[in-house]
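J.: In full-length UniProt numbering, the protein residues as written are 1 to 541.
Even glycine gets a Cβ: it sits at the ideal position worked out from N, Cα and C.
Just dropping this structure here.
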């Protein structure tokens, strides 16, 4: 079982935290020798932490105001010498996204007409996309909704809202899938893509006019409407709106799981649990870059919620098994990522900036990460290089693995950066840890591909994490010992990232995310600075 590693690790992590707490008196703060001298937001009350720390080990939470966001990296003193070339790209993600023009809605209430065959094709795209990555809707429910859509009667009910949403997401999955698989070779295909985009917009517009029913309701259908709305906003690259609906779905899901409802079927209960775990993944993803977002509290109870059980979401046993295993792999990786952020980068108590404490924590987390990788099913297994994976899901999981590895070893890199060229006098493990961090960063960026799952849900998050990669590379290039680790291929990372991200911003239509565009601009500026450094010094002086 994929989650065996996480379960076996609970006692080890509890012992680890007990040891850390014994070394640190309540009045002492970890020594801050990292280049990350500014953490944004600038203040956080100790009430957020403290007596509940033990629960943070049992539950894989992501601490508020942690110090591993892209905005935090932008404040590293290593970038001060570059002046406005970087500082002009020092941006507030929240400010940029909160000032966006609201999504426009059409006045026309006429539903688009589609044939039964097209409905079936669109629903199949939804099942193979959204409902494969986040398998929350039972196959029987999907078939009921398909009949509802073909009948063409959309009343003011959550069931009608849900029907419209899966059509919108189905067309969005087709749009993303065609792009990811490079099926855009001629003018007729381009016209077909524009038609899919329009149909997605029309169905979502109709669904959104009924979303008030889900906001007022307390059923599994209502929660699923909120969840799918959040996913569609992710496709539109509107992170605050996406977070808002994921937050609402998670809150309502937690409420419904807290009370016994006699009329609730086993299938409805399993649906809610799966939405819970999906929201857990997505909420944590948002918090990884927007550390000040209010949390729903689902991470604080995740250890008490059963993992996904028997539940038919696909039309074949093979797809059903692969979807379930992929979902479990994503859950277990998100739990590990949360532990990494919490143990190393939590405000006030993270040990990532204490050179005496973090090595043992890093060692344990790295061990867990490698165990997670070794337990992946054959179809999802991957090598740590640029070789193609057996499946798209394996490629997505490799990206998650590399993200986690780079964040685990980052404390060694910040130790090295804080010493500059004097790092050569540091213990050898500092250089080795820095090397592992940088190699994971570069492999992560070089392996970035147009995966449907990434484009559909992760474009915004990916743009920020890739900006972090290029910033970290620039910081490392200013240290002679670390520069020796670089090869000329590292200089190609920036153009590669910008090419992909720019293409992805054009897929949804309806405007681009300002924070994604700022990330693209930041990557371009830093890439230029990186080339200047390379031309001046080469791999070593």
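Less than 8 Å between the CB atoms is what I'm expecting for residue 327 and residue 306, so what's the real figure, rounded?
T.: Residue 327 sits at position 327 when you count from the first residue of the chain shown. Residue 306 sits at position 306 when you count from the first residue of the chain shown. That belief does not hold up - the Cβ atoms of residue 327 and residue 306 are roughly 13 Å apart, past 8 Å.
J.: Specify the secondary structure class of residue 401 as computed by DSSP and reduced to three states.
T.: In the chain shown, residue 401 corresponds to position 401, counting from 1. Residue state, collapsed to three classes: helix.
J.: My assumption, with CB atoms under 8 Å, is that residue 93 sits in contact with residue 289. Please give the rounded CB distance.
T.: Position 93 of the chain shown, counted from the first residue, corresponds to residue 93. Position 289 of the chain shown, counted from the first residue, corresponds to residue 289. Indeed, because the Cβ distance is near 7 Å, the residues count as touching under 8 Å.
J.: Could you tell me the distance, in whole angstroms, from the CA atom of residue 311 to the CA atom of residue 329?
T.: As a working note, residue 311 is residue 311 in the chain shown. As a working note, residue 329 is residue 329 in the chain shown. Cα to Cα, the separation comes out at about 17 Å.
J.: In whole angstroms, what is the alpha-carbon distance linking residue 76 and residue 377?
T.: The sequence position of residue 76 within the chain shown is 76, counting from 1. The sequence position of residue 377 within the chain shown is 377, counting from 1. Within the model, the alpha-carbon separation for residue 76 versus residue 377 is close to 39 Å.
J.: What's the C-alpha gap between residue 464 and residue 153?
T.: Counting from 1 along the chain shown, the entry for residue 464 is found at position 464. Counting from 1 along the chain shown, the entry for residue 153 is found at position 153. Cα to Cα, residue 464 sits roughly 42 Å from residue 153.
J.: Would you check if the distance between the CB atom of residue 164 and the CB atom of residue 134 is smaller than 8 Å?
T.: Taking the first residue of the chain shown as position 1, residue 164 is located at position 164. Taking the first residue of the chain shown as position 1, residue 134 is located at position 134. No.
J.: Could you give the DSSP three-state label for residue 28: helix, strand or coil?
T.: By one-based count along the chain shown, residue 28 stands at place 28. Any reading at residue 28 must be qualified, since the residue scores a pLDDT of 41, below 50, and its modelled position is unreliable; the value itself is stated next. Coil at residue 28, not helix or strand.
J.: Please return the same chain residues whose Cβ sits closer than 8 Å to the Cβ of residue 495, not counting the five positions on each side in sequence.
T.: The count along the chain shown starts at 1 and reaches residue 495 at position 495. Within the same chain, Cβ atoms closer than 8 Å to the Cβ of residue 495 are found at 527, the five residues on either side in sequence being excluded.
J.: Roughly how many angstroms lie between the CA atoms of residue 118 and residue 318, to the nearest whole one?
T.: Within the chain shown, numbered from 1, the residue matching residue 118 stands at position 118. Within the chain shown, numbered from 1, the residue matching residue 318 stands at position 318. Taking the straight line from one Cα to the other gives about 24 Å.
J.: Can you give the Cα-Cα distance for residue 121 and residue 113, rounded to whole angstroms?
T.: Position 121 of the chain shown, counting from 1, holds the residue named residue 121. Position 113 of the chain shown, counting from 1, holds the residue named residue 113. Rounded to the nearest angstrom, the two C-alpha atoms are 14 Å apart.
J.: Let me know if residue 232 comes out buried or exposed under the rule of 16 or more other beta-carbons within 10 Å of its beta-carbon.
T.: As a first step, residue 232 is located in the chain shown; it is residue number 232 there, counting from the start. It counts as buried.
J.: Does the region 410 to 419 come close enough to the region 431 to 438 to have 3 or more Cβ pairs within less than 8 Å?
T.: yes
J.: Could you check where the alpha helix (DSSP H) with residue 114 kicks off and where it finishes?
T.: Within the chain shown, the letter at position 114 stands for residue 114. Careful: residue 114 lies outside any alpha helix (DSSP H) and carries neither H nor E.
J.: Where in the region 403 to 473 do unbroken runs of the alpha helix (DSSP H), each at least 4 residues long, occur, reported from the N-terminal end onward?
T.: 428 to 446
J.: Just tell me which of 421, 215 and 180 has its CA closest to the CA of residue 481.
T.: Taking the chain shown and counting its residues from 1, the one referred to as residue 481 is at position 481. For the residues 421, 215 and 180, the minimum Cα distance to residue 481 belongs to 421.
J.: Taking the alpha-carbon of residue 142 as reference, which of 533, 195, 476 and 170 has the nearest alpha-carbon?
T.: Here residue 142 is taken as the residue at index 142 of the chain shown, counted from 1. Taking only the C-alpha atoms, the option nearest residue 142 is 170.
J.: Please report the straight-line C-alpha distance between residue 503 and residue 179, rounded to a whole angstrom.
T.: The residue labelled residue 503 in the question sits at position 503 within the chain shown. The residue labelled residue 179 in the question sits at position 179 within the chain shown. Put simply, the backbone Cα of residue 503 is about 9 Å away from that of residue 179.
J.: Can you tell which of 467, 509 and 173 has its C-alpha closest to the C-alpha of residue 441?
T.: Translated into positions along the chain shown, residue 441 becomes position 441. Selected option, being the one with the closest Cα: 467.
J.: In angstroms with no decimal places, state the Cα-to-Cα distance between residue 391 and residue 84.
T.: Taking the first residue of the chain shown as position 1, residue 391 is located at position 391. Taking the first residue of the chain shown as position 1, residue 84 is located at position 84. Distance between the alpha carbons of residue 391 and residue 84 is about 42 Å.
J.: Three or more beta-carbon pairs under 8 Å between the region 233 to 241 and the region 269 to 278, yes or no?
T.: The region 233 to 241 vs the region 269 to 278: no contact.
J.: Under DSSP, the alpha helix (DSSP H) around residue 160 begins and ends at which residues?
T.: For the purposes of this step, residue 160 is taken as the residue at position 160 of the chain shown. It spans 158 to 180 - the alpha helix (DSSP H) in which residue 160 sits, taken as one unbroken run.
J.: Residue 490 by DSSP, collapsed to three states: which one?
T.: Counting from one through the chain shown, the residue named residue 490 turns up at place 490. Residue state, collapsed to three classes: helix.
J.: Near residue 209, which residues of its chain fall below 6 Å by C-beta distance, leaving aside the five closest residues on each side in sequence?
T.: Here residue 209 corresponds to residue number 209 of the chain shown, with the count starting at 1. Answer for residue 209: no residue qualifies.
J.: Mind the definition here: the region 185 to 201 touches the region 215 to 230 only if three or more C-beta pairs lie below 8 Å; say whether that holds.
T.: no
J.: Output the distance between the C-alpha atoms of residue 506 and residue 512, rounded to the nearest integer angstrom.
T.: The sequence position of residue 506 within the chain shown is 506, counting from 1. The sequence position of residue 512 within the chain shown is 512, counting from 1. Going from the Cα of residue 506 to the Cα of residue 512 covers about 7 Å.
J.: Pull up the distance between the alpha-carbon of residue 521 and that of residue 67, whole angstroms please.
T.: Here residue 521 is taken as the residue at index 521 of the chain shown, counted from 1. Here residue 67 is taken as the residue at index 67 of the chain shown, counted from 1. Computed Cα separation, rounded: 23 Å.
J.: In the DSSP assignment, find the alpha helix (DSSP H) that holds residue 190 and state where it starts and stops.
T.: Here the question's residue 190 lines up with position 190 in the chain shown. Start and end: 187 to 208.
J.: Assuming residue 250 contacts residue 300 (C-beta within less than 8 Å), just tell me the rounded distance between them.
T.: The sequence position of residue 250 within the chain shown is 250, counting from 1. The sequence position of residue 300 within the chain shown is 300, counting from 1. Their Cβ separation, rounded to whole angstroms, is 11 Å, which puts residue 250 and residue 300 out of contact at 8 Å.
J.: In three-state terms, what does DSSP make of residue 342?
T.: By 1-based counting over the chain shown, the position of residue 342 is 342. Correct three-state label for residue 342: helix.
J.: Starting from residue 370, trace the alpha helix (DSSP H) both ways and give me its first and last residue.
T.: The residue given as residue 370 occupies position 370 in the chain shown. Counting along the chain, the alpha helix (DSSP H) containing residue 370 begins and ends at 358 to 374.
J.: Residue 259: buried (16+ other C-beta within 10 angstroms of its C-beta) or exposed?
T.: Locating residue 259 in the chain shown gives position 259, where the first residue counts as 1. Flag for residue 259 reads exposed.
J.: Restricting to Cα atoms, I'd like to know which of 245, 265, 188 and 428 is closest to residue 279.
T.: Sequence index remark: in the chain shown, residue 279 carries index 279 (1-based). Out of 245, 265, 188 and 428, 245 has the C-alpha closest to the C-alpha of residue 279.
J.: Would you report the Cα separation of residue 129 and residue 162, rounded to the nearest angstrom?
T.: As a working mapping, residue 129 is identified with position 129 in the chain shown. As a working mapping, residue 162 is identified with position 162 in the chain shown. Cα to Cα, residue 129 sits roughly 16 Å from residue 162.
J.: Using only alpha-carbon positions, find the residue among 450, 499, 396 and 491 that is nearest to residue 530.
T.: One-based indexing of the chain shown puts residue 530 at position 530. With distances taken between Cα atoms, residue 530 lies closest to 491.
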